[in-house]
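Okay, so here's the structure we're looking at.
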Amino acid sequence: ETGVTQSPTHLIKTRGQQVTLRCSSQSGHNTVSWYQQALGQGPQFIFQYYREEENGRGNFPPRFSGLQFPNYSSELNVNALELDDSALYLCASSLSWGTDTQYFGPGTRLTVL
Amino acid sequence: KNEVEQSPQNLTAQEGEFITINCSYSVGISALHWLQQHPGGGIVSLFMLSSGKKKHGRLIATINIQEKHSSLHITASHPRDSAVYICAATGDGTASKLTFGTGTRLQVTL
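First to last, the sequence lines map onto chains A and B.
Per this note's numbering, the first sequence starts with residue 16, numbered consecutively.
Per this note's numbering, the second sequence starts with residue 51, numbered consecutively.
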């Protein structure tokens, strides 16, 4: 059983650009959640996907969007990057939504200049 | 007021000490999670509990549903326990989003 992986590890972008972050869930996990963690803060829930459909969303603007694919991979897309988008982005997969344990990836550190 | 609050924010202990980290929440939950985050970002799930107590090695987690309070205990602490410990709640009746506390930074010294 492989763990949750994320790519890239680090990324530097400039304001106004667009970025795609990728996550590969554990095999068999049909739920993936994305979180944003600003420096010194706890993670904040962005959204969750269950069987390729959005299954809940936190307080993030529409320029944050996602996709989940049948092969247990998923993407987080952020358009029109702002300086405040600089953060660690974490994905977490679980067998199903509800109260299952979530398995976290190592994160992608995004810096917006 | 945050929905999930932790105390203390920072904790320094000597090797061997018994450590307690507290978590209070103000919303209905279906489960309470304790997570460990090491420098560099990786998060590991330690416990998920909805009642009572769980133990794994030197770690013990308890929850009191009536008082909306949970504690994480570390017995015989060791420098390798140094990390940020985060409690997070899964709300009831919603998608399984985690609402996180701000974390407790633990440093265990020799």
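Virtual Cβ for every residue (Gly too), placed ideally from N, Cα, C.
On a predicted model such as this, the values are computed, not experimentally measured, just so you know.
Name the DSSP bridge partner or partners of residue i?
i, result
"B:Lys105", "B:Ile110"
"B:His123", "B:Thr70, B:Ile110"
"B:Gly141", "B:Ile79"
"B:Leu85", "B:Ser95, B:Ile136"
"B:Ala63", "B:Val158"
"A:Lys28", "A:Val127"
Hey, residue i and residue j are a contact pair by Cβ (cut 8 Å); roughly how many whole angstroms apart?
i, j, result
"A:Ser89", "A:Ser40", "7 Å"
"A:Arg124", "A:Leu103", "5 Å"
"A:Ala107", "A:Val19", "7 Å"
"B:Lys91", "A:Pro77", "Looking at the sequence shown, residue 91 of chain B is not Lys but Gly. At roughly 26 Å, the Cβ-Cβ gap does not stay under 8 Å, so B:Gly91 and A:Pro77 are not in contact."
"A:Asn70", "A:Ser80", "Not quite, the Cβ-Cβ distance comes to about 14 Å (not below 8 Å), so this is no contact."
Short of 8 Å in beta carbon distance, which residues of its chain neighbour residue i, apart from the five on each side in sequence? Order them along the chain.
i, result
"B:Glu53", "Tyr75, Ser76, Val77, Ala139, Thr149"
Measuring straight from C-alpha to C-alpha, what distance separates residue i and residue j?
i, j, result
"B:Tyr135", "A:Asn94", "32 Å"
"A:Thr46", "A:Asp99", "27 Å"
"A:Glu16", "A:Asp115", "For A:Glu16, the predicted model reports a pLDDT of 47, less than 50, meaning its position is unreliable; a value from the coordinates is still stated below. Approximately 17 Å, taken between the alpha carbons."
"B:Leu96", "A:Pro58", "16 Å"
"B:Ser121", "B:Ile79", "15 Å"
"B:Val94", "A:Leu36", "20 Å"
"B:Ser127", "A:Arg66", "41 Å"
"B:Gly66", "B:Ile113", "24 Å"
"B:Ala111", "B:Ile124", "9 Å"
"A:Thr42", "A:Phe60", "Note that residue 42 of chain A corresponds to Ser in the displayed sequence, not to Thr. The alpha-carbon atoms of A:Ser42 and A:Phe60 are separated by roughly 22 Å."
"A:Ser109", "B:Leu82", "15 Å"
"B:Arg108", "B:Ala63", "15 Å"
"A:His25", "A:Gly55", "18 Å"
"A:Tyr64", "B:Gln59", "32 Å"
"B:Ile69", "B:Gln157", "11 Å"
"B:Ser100", "B:Ile115", "8 Å"
"A:Thr126", "A:Ile27", "5 Å"
"A:Gln52", "B:Leu160", "30 Å"
"A:Pro85", "A:Cys38", "13 Å"
Quick one: residues in its chain with C-beta nearer than 7 Å to the C-beta of residue i, no 5 flanking neighbours on either side, listed in chain order?
i, result
"B:Gln56", "Ile71, Asn72, Cys73, Cys137, Gly151, Thr152, Gly153, Thr154"
"A:Pro23", "Thr123"
By Cβ distance, which residues of its chain are closer than 6 Å to residue i, with the 5 residues on each side in sequence left out?
i, result
"A:Thr29", "Leu128"
"A:Leu82", "Glu90"
Go through the region 70-128 of chain A residue by residue and report every complete run of the alpha helix (DSSP H) that reaches 4 residues or more, in order. none
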